[in-house]
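Novice:
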Amino acid sequence: MKRILILIMALVGLTVMMSGCSSQETVDVTADKIILVGTQNDYPPFAYADENNELTGYDIEVVKEIDKRLDGYTFEFVATPWDSMFLALESNKIQAIADQVAKTTEREERYLFTDESYFAAETVIVVKSGRTDIQTIEDLEGKNVGALAGDSYTLLLEEHNTKVDNDIILKYSESGNPAEILQDVQNGRVDAYVNDPIMINEVIGKLGLDLEVVGQALVNDDMGIVFKKDTQGEELKGLIDPILKQLKEDGTLVELSKKWTGGEYIPE
1 MKRILILIMA LVGLTVMMSG CSSQETVDVT ADKIILVGTQ NDYPPFAYAD ENNELTGYDI
61 EVVKEIDKRL DGYTFEFVAT PWDSMFLALE SNKIQAIADQ VAKTTEREER YLFTDESYFA
121 AETVIVVKSG RTDIQTIEDL EGKNVGALAG DSYTLLLEEH NTKVDNDIIL KYSESGNPAE
181 ILQDVQNGRV DAYVNDPIMI NEVIGKLGLD LEVVGQALVN DDMGIVFKKD TQGEELKGLI
241 DPILKQLKED GTLVELSKKW TGGEYIPE
């Protein structure tokens with residue numbers, strides 16, 4: 001009986017030891033670090049919710065390609081309204097922004113951008129079809145123009161207003177939805193809107209709006225992924241920049257650009 005008890009105790013001890021080893025192995029396995037990426041869900045073809053309410057688009061697929069090539073990290077998307085995008089970054093609710101954010105001097109003073117840009121965008125004016133009195137930014141002076149607070153297109157108009165006497169009358173959107181502003185142009189609530197022609201034409205086609213892009217491009221911007229100016233931001237920037245360079249050099253960005261926009265809009 002004593003020998004049996006000793007044998008049972010030994011088996012129990014072995015089981016506990018094996019269980020302990022198993023728990024230790026679980027603890028030692030390093031899980032991927034989750035990085036939350038903020039993006040809009042209403043900005044086609046760059047970032048929008050599809051018919052299954054899944055985020056998709058050019059910017060989304062660029063980040064997914066980065067995710068494939070970066071070990072130790074997993075990127076998850078957070079649909080975030082434009083007007084609260086940078087606040088979410090500053091409060092660490094998200095750790096990066098991939099949402100067609102143009103590099104500007106003011107933004108680069110406050111945030112980190114990837115050195116490598118992943119898209120080259122134009123800024124154009126859109127009006128109701130047949131309208132001939134608006135062709136340039138000067139033609140917008142004294143007229144009502146739809147705007148989203150804080151985006152690069154609005155900043156361009158706000159900067160213009162600091163240099164002229166007859167201001168462009170900016171009508172800031174409460175919804176933060178570019179498609180609704182384009183509908184306002186259609187309905188005559190505003191005279192024009194300034195944004196990216198690819199997005200504009202996508203929405204015009206989808207909603208059947210009677211609008212057209214007029215004049216020449218006002219400016220050309222390079223888009224980068226944005227991070228908070230802190231240690232984690234520096235780390236992410238250092239990891240992602242080489243991958244963006246790879247995606248550019250191996251033609252992946254060109255393929256994605258053609259797929260989502262119909263053209264090659266990749267910075268050199």
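Heads up, the sequence shown is in my numbering, so the first residue is 1 and it goes up one at a time.
Idealized CB from N, CA, C, for every residue including glycine.
Quick caveat: nothing in here was measured; it's all calculated off a predicted structure.
1) Tell me which same chain residues have a C-beta within less than 8 Å of the C-beta of Q95, skipping the five on either side of it?
2) With 16 other CB atoms within 10 Å as the buried threshold, where does Q216 fall?
3) Quick check on L87: buried or exposed, where buried means 16 or more other Cβ atoms within 10 Å of its Cβ?
4) Mind listing, in chain order, the continuous alpha helix (DSSP H) runs of no fewer than 4 residues lying wholly within the segment 205 to 236?
5) So, helix, strand or coil for N144, using DSSP?
6) Short of 7 Å in beta carbon distance, which residues of its chain neighbour D59, apart from the five on each side in sequence? Order them along the chain.
7) Secondary structure at M1, three-state DSSP: helix, strand or coil?
8) Beta-carbon within less than 8 Å of T261's beta-carbon, same chain only, minus the 5 sequence neighbours each way: which residues are those?
9) What did DSSP end up calling G238 once you bin it into helix, strand or coil?
10) For D99, which three-state DSSP category applies?
11) Answer with buried or exposed for L256, where buried requires no fewer than 16 other C-beta atoms within 10 angstroms of its C-beta.
12) Express the C-alpha separation of E249 and W82 in angstroms, rounding to a whole number.
13) May I ask you to list the residues that DSSP assigns as paired with G38?
14) Taking the alpha-carbon positions, what's the Y172 to E106 distance?
15) Taking only the alpha-carbon atoms, compute the straight-line gap between T80 and N41 and give it to the nearest angstrom.
16) Of all the options D32, V190, D115 and L55, which has the alpha carbon lying nearest to the alpha carbon of G224?
17) Short check: CB of A102 to CB of S152, under 8 Å?
18) Count the other CB atoms within 10 Å of the CB of V63; is the residue buried (16 or more) or exposed (fewer)?
19) Assuming A120 contacts N220 under a Cβ cut-off of 8 Å, what Cβ separation, rounded to an integer in Å, is found between them?
20) Can you tell which of K33, A31 and A49 has the C-alpha that lies nearest to the C-alpha of N177?
21) Identify, in the order they occur along the chain, each residue of the same chain with its Cβ nearer than 6 Å to the Cβ of V27, setting aside the five sequence neighbours on each side.
22) Let me know the alpha helix (DSSP H) ranges lying completely inside the segment 152 to 179, each 4 residues or longer, listed in chain order.
23) Among N52, L157 and R110, which has the Cα closest to the Cα of V140?
24) Note down, in chain order, each residue of its chain lying with its Cβ closer than 6 Å to the Cβ of T56, except the 5 sequence neighbours on either side.
25) Would DSSP call A331 helix, strand or coil?
26) In terms of residues, what are the limits of the alpha helix (DSSP H) holding I60?
27) Per DSSP, what are the beta-bridge partners of Y43 in this structure?
28) Alpha carbon to alpha carbon, how far is F77 from D210?
29) Just confirm the distance between the C-beta atoms of V271 and E180, as a whole number of angstroms; I'd bet it's less than 8 Å.
Specialist: The structure says:
1) I35, L36, V37, L89, F227, K228, Q232, G233 and L236
2) exposed
3) exposed
4) none
5) strand
6) T39, F46, A47, A98, D99 and Q100
7) Unreliable positioning characterises M1 in this predicted model, as indicated by a pLDDT of 48, which lies under 50. A coordinate reading is not provided.
8) P45, Y58 and I198
9) helix
10) strand
11) buried
12) 31 Å
13) V78 and I97
14) 20 Å
15) 7 Å
16) D115
17) yes
18) buried
19) 6 Å
20) A49
21) For V27, the pLDDT reaches just 45, beneath the cut-off of 50, and the residue's location in the model is therefore unreliable, although a value from the coordinates is still provided. Excluding residues within five positions, none has a Cβ falling inside 6 Å.
22) 152 to 161
23) The sequence given here has Leu at residue 140, not Val. With distances taken between Cα atoms, L140 lies closest to L157.
24) D50
25) Nothing can be reported for residue 331: it is not among the residues displayed for the chain, which extend from 1 to 268.
26) Y58 to R69
27) A47
28) 33 Å
29) The shown model of the chain, from 1 to 268, leaves out residue 271, and the question about it has no answer.
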